[in-house]
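FYI, the UniProt record's numbering numbers position 311 of the sequence shown as 311, with every residue one higher than the one before it.
Take a look at the structure below.
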Amino acid sequence: MAVEATGATWPAVLRTKELQEKIKSAKVLCVGAGGIGCELLKTLVCTGFRNIEVIDLDTIETSNLNRQFLFRKHHVGQSKANTAAQVVKGFCPAASITAHHANIKEGRFDVDFLRGFDIVLNGLDNLEARRHVNRLCLAAERPLVESGTAGYLGQVTVHLKGRTECFECQPKPTPKSFPICTLRNTPDRPIHTIVWAKDLLFNRLFGPPEAVSDLDDQARREEQQQQAEAEAAAATEGGDEASGDAAADAAAAAAATAAANAATAEDPSFFLRRDGEASLDYAGRVFERVYTTDIESLCGVKELWEKRPPPKPLRLTELLPDPDMAAIRSALEGAKAKGPGGQAACSASRALGLANASQKWTAAQNASVLLLAVAMYHELRKEEVGSASFDKDDDLAVDFVTAASNLRSFCYGIPEQSLFDAKGMAGNIIHAIATTNAIISGLIVTEALKILAGCLEAVRNTYLYEFPTSKRQLVVQRPDPPCKNCMVCGKAQLTLRISTEVATLASLLSGVIKKRLAVSTPNLVCGGFMYEEGEGLDEDEVAAYAALLPRTLSALPGGGLRHGSVLTVQDQSQHFGVDIIIAHSDDLKAEDAPEGFLLEGDVPAAQQQPQEPTAAAPAGAAAAAAAAKRNANEFKEEDGVLVLDDDDEEAGAKPAAAVQAPSRKRALEDGEDRDGTDAKRAKGVEAVSAAAAEDDDDVVIIDDD
């Protein structure tokens with residue numbers, strides 16, 4: 001059932017007992033238990049919500065602990081959804097929180113599942129998943145409160161079917177948001193290796209020594225430490241019964257074992273330069289750990305490589321024979337011979353004669369640059385080691401990140417990048433901030449309260465900026481109405497009752513899509529399933545799609561078309577689009593469904609492409625052109641607030657998320673200033689949004705995964 005306005009006054013309705021009862025009985029679905037999700041769950045139970053379900057596919061990483069406050073060290077590796085639910089119930093036992101460690105796109109989370117909730121709150125960093133939730137909410141007629149953060153920026157938007165824009169009414173840039181587990185174990189894109197080199201390896205080698213990163217297996221180190229201490233204690237106790245010499249020998253053996261463990265790659269001190277160790281020897285030891293030992297360990301995890309080839313370890317002795325090492329030593333001595341001013345401006349790549357920033361380096365050249373860059377930090381800038389941070393204007397730091405990322409790319413078969421390209425990618429990284437997540441979660445709950453109270457006129461989209469805009473850091477605007485040209489909410493929705501275990505894709509196409517809907521060149525999409533016809537397809541694509549035709553609907557790729565699935569049907573040649581909600585039925589009667597299915601709803605009419613004006617109607621064409629020009633001028637004068645949109649991440653982001661600024665400036669000439677925003681303030685929003693939109697290109701977000 002769609003939400004309805006009650007005429008209540010906001011915020012006076014907050015004091016009513018009726019709203020308090022609605023809060024306690026409301027069924028809330030939270031999608032995502034990461035940075036926003038943790039804050040959101042806490043805020044919900046503190047507000048009085050008691051019936052909550054949370055869905056999240058991810059597990060907890062060490063890097064999450066600094067901002068996802070529900071998690072602790074001993075939770076690393078566990079389900080985010082399950083852990084968050086347990087922790088919240090710990091400080092609010094009255095809350096009923098059901099956790100699902102699963103993907104929201106799984107078939108069981110269908111339209112019927114969403115109909116069991118009063119409201120859906122999104123804290124996702126993945127654009128594809130956010131679109132999926134948006135479409136499910138539209139099909140289930142449930143209100144959706146969307147959110148996203150990117151550094152100091154954030155937004156909360158409200159989406160009510162038939163009343164406001166849906167999440168996809170305005171185009172969204174693809175988020176660039178990457179989970180830590182992908183960066184650490186299974187990278188498959190150049191940006192993955194660059195973020196790994198900049199955010200993990202650089203900080204481990206040159207950042208504070210006590211910093212913990214996901215390069216370290218914290219649980220395994222602690223377990224080894226405890227084992228060593230237990231062995232030492234046992235040896236000491238055994239001295240009471242054995243001779244003094246035997247006890248001393250046992251204690252010495254335990255101490256040696258502990259020392260050996262401390263010297264292995266599992267200890268964080270491994271990444272520290274040892275006393276008396278030559279800088280190039282240290283760099284070579286790090287190389288062997290990161291590109292040989294770690295890669296060999298990953299290859300042993302067979303589960304990671306069931307659907308993709310495993311990485312290939314690199315060996316320093318094979319890449320750099322003695323003559324190459326001599327050249328690196330010579331370049332290091334030449335850099336040391338320069339004065340203090342020259343040392344500070346040293347570049348490892350230029351010292352090795354690699355002056356062309358647009359040229360890609362070979363594996364051996366990357367190894368040379370990496371070793372020399374590490375040695376230069378310790379020989380020429382040793383006072384920075386232990387406190388350094390990446391700066392895209394620091395040539396030596398960029399040299400290191402470029403070489404480190406390219407070597408990892410060689411391991412995984414990923415295209416390597418030039419120094420110029422790597423610098424551009426490494427310079428556009430935004431980190432998640434806990435305070436931003438907390439602010440956004442509070443705004444999500446505020447809008448949820450308005451919806452439950454029936455104060456639909458009071459709902460607002462809110463945008464958080466890093467710096468105040470016209471003395472406001474939170475910019476509030478009334479949501480726009482649905483976009484008539486939206487390919488999601490602007491489309492009709494039909495319900496198809498059919499046996500998904502019997503009907504095939506071929507019968508669906510012939511009987512429903514082409515016959516009943518009159519689609520000529522169909523394009524079908526549902527989750528991980530896609531089918532298309534028409535010109536421009538390669539022969540292998542045509543063959544692959546033809547192979548799907550005999551399959552039953554439930555056996556199609558991506559989990560199949562099952563009860564509650566939403567199938568998107570488009571025909572670009574007709575400007576036609578419709579969403580079909582699949583309703584599985586095994587007991588259709590022949591007299592009711594002679595064709596084997598029932599198609600319910602109003603079938604939309606196809607729209608033919610506009611015809612070019614002909615010579616027979618010059619006056620009409622001229623009039624249309626004049627009208628279009630007037631409309632364009634009016635748009636330039638009245639519209640102009642641009643969209644600074646989501647991240648992640650995906651990120652994306654993570655998205656994964658970024659700020660979606662108001663899509664359209666309010667017409668203030670009517671004298672209506674509902675939010676106290678005058679024309680001058682609106683222009684300020686426009687300017688900030690436009691500037692932010694320009695800066696948003698190719699932003700990478702280390703997400704709240």
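All C-beta atoms, glycine included, are put in the ideal place defined by N, C-alpha and C.
Remember, it's a predicted structure, so these values are computed and weren't measured experimentally.
Going by beta-carbon coordinates alone, are residue i and residue j separated by less than 8 Å?
i: Tyr282; j: Leu314; result: no
i: Glu379; j: Lys336; result: yes
i: residue 708; j: Phe71; result: What is shown of the chain runs 1 to 705, which leaves residue 708 out entirely.
i: Leu201; j: Leu121; result: no
i: Gly32; j: Leu124; result: yes
i: Leu280; j: Arg350; result: no
i: Leu567; j: Leu524; result: yes
i: Thr47; j: Ile23; result: yes
i: Gly116; j: Lys80; result: no
Helix, strand or coil, according to DSSP, for residue i in the structure here?
i: Lys17; result: helix
i: Lys27; result: strand
i: Glu303; result: helix
i: Glu532; result: strand
i: His74; result: helix
i: Thr59; result: strand
i: Ile582; result: strand
i: Phe576; result: strand
i: Thr6; result: coil
i: residue 723; result: For residue 723 there is no data in the structure shown, the boundaries of the chain being 1 and 705.
i: His132; result: helix
i: Thr552; result: strand
i: Ser297; result: helix
i: Thr504; result: strand
i: Val641; result: Residue confidence is low: Val641 scores 34 on pLDDT, short of 50, so the model does not pin down where it sits. Its coordinate-derived value is still stated next. Val641: coil per DSSP, three-state reduction.
In the DSSP assignment, find the unbroken alpha helix (DSSP H) run with residue i in it and report its ends.
i: Lys194; result: Checking the sequence, you will find Ile at residue 194 rather than Lys. It spans Pro190 to Val195 - the alpha helix (DSSP H) in which Ile194 sits, taken as one unbroken run.
i: Glu447; result: Ala434 to Ala453
i: Gln493; result: From DSSP, Gln493 is part of no alpha helix (DSSP H) but of the beta strand (DSSP E) over Ala492 to Ile498.
i: Leu598; result: Looking at the DSSP string, Leu598 is not in any alpha helix (DSSP H); the run it does join, the beta strand (DSSP E), is Phe597 to Glu600.
i: Cys146; result: Before going further, note that residue 146 is Glu rather than Cys in the sequence given. Note, Glu146: premise wrong, no alpha helix (DSSP H); beta strand (DSSP E) at Leu144 to Ala150.
i: Glu168; result: Element bounds for Glu168: n/a, residue is neither H nor E.
i: Phe109; result: Here Phe109 belongs to no alpha helix (DSSP H), and DSSP marks it neither H nor E.
If you follow the beta strand (DSSP E) that residue i is in, where does it begin and where does it stop?
i: Ser96; result: Ser96 to His100
i: His378; result: First-last for His378: Ala363 to Leu380, but that is the alpha helix (DSSP H), not the beta strand (DSSP E).
i: Glu53; result: Asn51 to Ile55
i: Pro468; result: Asn461 to Thr469
i: Asn523; result: Asn523 to Cys526
i: Leu272; result: It is not in any beta strand (DSSP E) - Leu272 carries neither H nor E in the DSSP assignment.
i: Arg472; result: Arg472 to Gln477
i: Asp199; result: Premise fails: Asp199 is in no beta strand (DSSP E) and is neither H nor E.
i: Leu537; result: Note, Leu537: premise wrong, no beta strand (DSSP E); not H, not E.
i: Asn122; result: Ile119 to Asn122
i: Val566; result: Val566 to Asp571
i: Thr292; result: Premise fails: Thr292 is in no beta strand (DSSP E) and is neither H nor E.
Could you name the residues of the same chain whose beta carbon sits closer than 6 Å to that of residue i, not counting the 5 residues immediately before and after it, in chain order?
i: Gly107; result: Gly559 and Arg562
i: Glu18; result: none
i: Phe410; result: Ala363
Using C-beta distances below 8 Å, list every residue in its chain close to residue i, excluding the 5 sequence neighbours before and after it, in chain order.
i: Gly7; result: Gly454
i: Pro522; result: Leu509, Ile513, Lys514, Tyr531, Glu532, Glu533, Val569, Gln570 and Asp571
i: Ser96; result: Arg50, Asn51 and Ile52
i: Leu537; result: Tyr545
i: Leu548; result: Leu505, Tyr531, Leu556 and Pro557
i: Ala627; result: Residue placement at Ala627 is poorly supported in this model, since its pLDDT is 38, which falls under 50; the coordinates still yield a value, given next. So no residue of the chain qualifies.
i: Gly90; result: none
Under 7 Å Cβ to Cβ from residue i, same chain only, skipping five residues before and after it: list those, please.
i: Ala583; result: Thr495, Leu496, Arg497 and His563
i: Cys483; result: Glu165, Cys169 and Gly490
i: Ile444; result: Leu40, Leu121, Val145, Ser147 and Val156
i: Arg381; result: none
Exposed or buried, which one is residue i when buried takes at least 16 other CB atoms within 10 Å?
i: Asn406; result: buried
i: Cys30; result: buried
i: His159; result: buried
i: Ala364; result: exposed
i: Asp188; result: exposed
i: Phe576; result: buried
i: Thr16; result: exposed
i: Lys423; result: buried
i: Gln20; result: exposed
i: Met487; result: exposed
i: Asp110; result: buried
Just to confirm, does residue i get its C-beta within under 7 Å of one of the non-hydrogen atoms of the ligand NAP?
i: Gln572; result: Questions concerning the ligand NAP fall outside what the structure shown contains, since it holds no ligand whatsoever.
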